[in-house]
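Input: a single structure, listed below in structure tokens.
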Amino acid sequence: PDLGTVKALGSERTDGFSGSLPAMRELARLAGRPELDTLRTSPVNLSFRIEDGWMQVPPFEIGAAGVDLEVSGRGGLDGTLDFEVEADVPLAGESRVGAAVERLLSRVTKAPGTLRVRAHVGGKTGDPKVSLKGVETVR
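This is the structure we're talking about:
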């Protein structure tokens, strides 16, 4: 079938999810935080639209290692990923950023606070590519 011609509206309801996904493993590797590998969600009611070969989803929240992540974007019916992820990560406490990031930030700021991290998840479902789009301190 020509996936570019599929059109649909729908919704997905789950009681929650706990497990590891390739994109989360890549995000954990990039952040230097292996515990981010495990994704946990509360019940989710997600609406979506399929058009021109893409499933578009509105922003939704998921959690990993005590950090809430806001995800938005689209996934191709062919397995292509095109998602933006944003998270506020405490600089101290249970949800600390990776040691390498923390050392880098200590050169810029001495004040405790939170980092707002933005990343892009691209590639394919089985071989995701995560790139850092921006980091800023939030007081």
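Add 7 to a position in the sequence shown, counting from 1, and you land on the number used in this note's numbering.
We put the beta carbon where it would ideally sit given N, CA and C, even for glycine.
Within 10 angstroms of the Cβ of residue i, are there 16 or more other Cβ atoms? Answer buried if so, exposed if not.
| i | result |
| --- | --- |
| Gly-133 | exposed |
| Val-145 | exposed |
| Gly-82 | buried |
| Ala-126 | buried |
| Leu-43 | buried |
Quick one: give me the first and last residue of the beta strand (DSSP E) that residue i is part of.
| i | result |
| --- | --- |
| Glu-33 | Not the beta strand (DSSP E): Glu-33 falls in the alpha helix (DSSP H), residues 29–38. |
| Gly-17 | 15–21 |
| Leu-10 | Here Leu-10 belongs to no beta strand (DSSP E), and DSSP marks it neither H nor E. |
Can you check whether the CB of residue j is closer than 8 Å to the CB of residue i?
| i | j | result |
| --- | --- | --- |
| Ala-72 | Arg-40 | yes |
So, with DSSP's three-state summary, where would you put residue i?
| i | result |
| --- | --- |
| Arg-103 | For Arg-103, the pLDDT reaches just 49, beneath the cut-off of 50, and the residue's location in the model is therefore unreliable, although a value from the coordinates is still provided. Coil at Arg-103, not helix or strand. |
| Pro-66 | strand |
| Pro-135 | strand |
| Pro-50 | coil |
| Asp-89 | strand |
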